[in-house]
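Okay, so here's the structure we're looking at.
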Amino acid sequence: MLVQQVKVSDITDESSAQTYLDQAIMTTFCRVLDTSRLSPAVVMRLLATALGATYREVAAAHQDGQCPCGWCPLPAIDIETLRSSLEDAAAPKRADDLGAMVVAGRA
Ligand SMILES: [Zn+2]
């Protein structure tokens with residue numbers, strides 16, 4: 167199956183941003199896995215650690231209104247949302263979940 171690559175200039179909304187990040191993370195994961203010879207589980211844990219560190223740094227930059235965008239980090243809620251998103255995305259998909267099905271053709 168040919169997958170349409172999304173370039174950073176193609177990001178216009180949450181869906182295209184998700185597709186871009188999915189591709190960037192998978193590419194980075196595969197590069198680290200191939201280069202390091204670490205196990206997939208270790209590389210996954212390193213990715214999760216990097217995401218947590220990214221949150222901490224971005225949240226710190228938004229304390230006390232330092233950024234004009236107006237986001238006010240709420241670490242307890244934000245971290246629970248991140249944990250929930252990770253669980254939802256990582257859990258095996260049910261066979262009857264239409265959102266997880268690959269389109270095999272078109273009508
Ligand atoms: Zn901001």
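Following the numbering used here, the numbering of the sequence shown begins with 167 at its first residue and continues without gaps.
Don't be surprised by glycine CBs; every beta carbon is placed ideally from N, CA and C.
In this structure, the alpha-carbon of Cys-196 lies about 16 Å from that of Tyr-186. A distance below 9 Å separates the beta carbons of Pro-241 and Ala-225. Going by DSSP, Asp-244 is part of the alpha helix (DSSP H) stretching over 241-256.
A distance criterion of 8 Å places the beta-carbon of Pro-234 in contact range of ligand 1, judged by its closest non-hydrogen atom.
When only Cα atoms are considered, Leu-213 and Thr-247 end up about 17 Å apart. At least one heavy atom of ligand 1 falls within 8 Å of the beta-carbon of Ala-227.
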